[in-house]
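Enquirer: Take 905 as the starting number for the sequence shown in this note's numbering and just add one per residue.
Let me give you the structure first, and then I'll get to my questions.
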Amino acid sequence: MRLILGDKAYSTWSLRPWLVLKRCGADFEEVIVPLNRPDTAEGIARHTGSGKVPVLEVEGETIWDSLAISLWAEERYPRVGLWPSDSHARWMARAAVCEMHSAFAALRTEGGMGPDHPMVGDWGAETRPSAAVAADLRRLIDLWSQARARFGASGPHMFGEWSIADAFFTPVAARIRHYGWSLEALGDDGTALAYIETLLSQPDFLEWEAGATS
Ligand SMILES: N[C@@H](CCC(=O)N[C@@H](CS)C(=O)NCC(=O)O)C(=O)O
């Protein structure tokens, strides 16, 4: 099994399925295709026609897209419990993952990650987000706070126990840290910040960070 990834320092989409496969204890080989280079497209095209990483090569198939790979893992590792066991929490977790996968455009664009803006490292100096990014951040605060209040009693993750939702929100936590956006200034009572710290101190994320070179 091979997981094709972009640079660990800034390939936010690659981090998600990597965290999911790690959580499953999957035995996989990593293949890094360096991004932002003249030969990047060619390097990715060797693995997928989608033009994007991550890609999982497994059982003679190619599975592209971080969500599709995570859903493959759910099917292949049913005992791991990649979604919350409570049905209401599970419905919300899936909706949140889909929202993270398809929305938050301002946050992604203005909070882009790249060679000069790595996912790894300490909190950046505090900066003021634009109105559009502030709206995305308020939505995250609301989403995380609701999930933690309703379903977070069993652990520090979004829905208590670790789930695919945590894999999907780890990159955004790293963006917030890098850009030094204060959530308190946007109404966070400390819940969202504590959740960010939880995500960024997970052993699997620390292993990813240790493997990142910018
Ligand atoms: N929907 C895709 C998006 C993947 C994506 O945008 N990947 C970026 C890297 S983080 C990419 O491959 N960009 C191509 C490039 O930089 O040339 C997923 O979730 O896997």
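In this text, a Cβ means the ideal position worked out from N, Cα and C, and glycines have one as well.
Any residue with its Cβ nearer than 5 Å to a heavy atom of ligand 1 should be included. What is that list in chain order?
Expert: Residues with a Cβ closer than 5 Å to any heavy atom of ligand 1, in chain order: Gly910, Ser915, Trp917, Leu939, Thr944, Lys956, Val957, Asp969, Ser970.
Enquirer: Less than 8 Å between the C-beta atoms of Ala913 and Val1024, yes or no?
Expert: Residue 913 sits at position 9 when you count from the first residue of the sequence shown. Residue 1024 sits at position 120 when you count from the first residue of the sequence shown. Yes, Cβ-Cβ distance for Ala913 and Val1024 is below 8 Å.
Enquirer: What does Gly1018 pair with, by DSSP beta-bridge criteria?
Expert: Mapped onto the sequence shown, residue 1018 falls at position 114. His1021.
Enquirer: How far does the beta strand (DSSP E) with Trp968 in it reach, from first residue to last?
Expert: Taking the sequence shown and counting its residues from 1, the one referred to as residue 968 is at position 64. First-last of the beta strand (DSSP E) with Trp968: 965-968.
Enquirer: Please say whether Leu1041 and Leu1011 have beta carbons closer to each other than 8 Å?
Expert: Reading the sequence shown from its first residue, position 107 is the one you call residue 1011. Reading the sequence shown from its first residue, position 137 is the one you call residue 1041. A contact, by the Cβ cut-off of 8 Å.
Enquirer: For Glu1101, which of helix, strand or coil comes out of DSSP?
Expert: What you label residue 1101 is simply residue 197 of the sequence shown in a count that begins at 1. It is helical.
Enquirer: Under 8 Å Cβ to Cβ from Pro938, same chain only, skipping five residues before and after it: list those, please.
Expert: For the purposes of this step, residue 938 is identified with residue 34 of the sequence shown, where counting begins at 1. Excluding residues within five positions, the ones whose Cβ falls inside 8 Å are Gly910, Asp911, Thr944, Gly947.
Enquirer: Please give the ranges of any alpha helix (DSSP H) in the segment 1041-1117, keeping only runs that are unbroken, at least 4 residues long and fully inside the region.
Expert: Fully enclosed alpha helix (DSSP H) runs of 4 or longer: 1068-1083, 1095-1104, 1107-1114.
Enquirer: At the level of alpha carbons, what is the spacing between Trp987 and Pro958?
Expert: As a position in the sequence shown, residue 987 is number 83, starting the count at 1. As a position in the sequence shown, residue 958 is number 54, starting the count at 1. Taking the straight line joining both Cα atoms gives about 21 Å.
Enquirer: Quick one, are the C-beta atoms of Ile1100 and Ala1077 less than 8 Å apart?
Expert: Locating residue 1100 in the sequence shown gives position 196, where the first residue counts as 1. Locating residue 1077 in the sequence shown gives position 173, where the first residue counts as 1. Against a cut-off of 8 Å, the Cβ pair of Ala1077 and Ile1100 comes out as a contact.
Enquirer: Which stretch, first to last residue, makes up the alpha helix (DSSP H) that contains Arg998?
Expert: Here residue 998 refers to the residue found at position 94 of the sequence shown. That run of the alpha helix (DSSP H) goes 991-1006.
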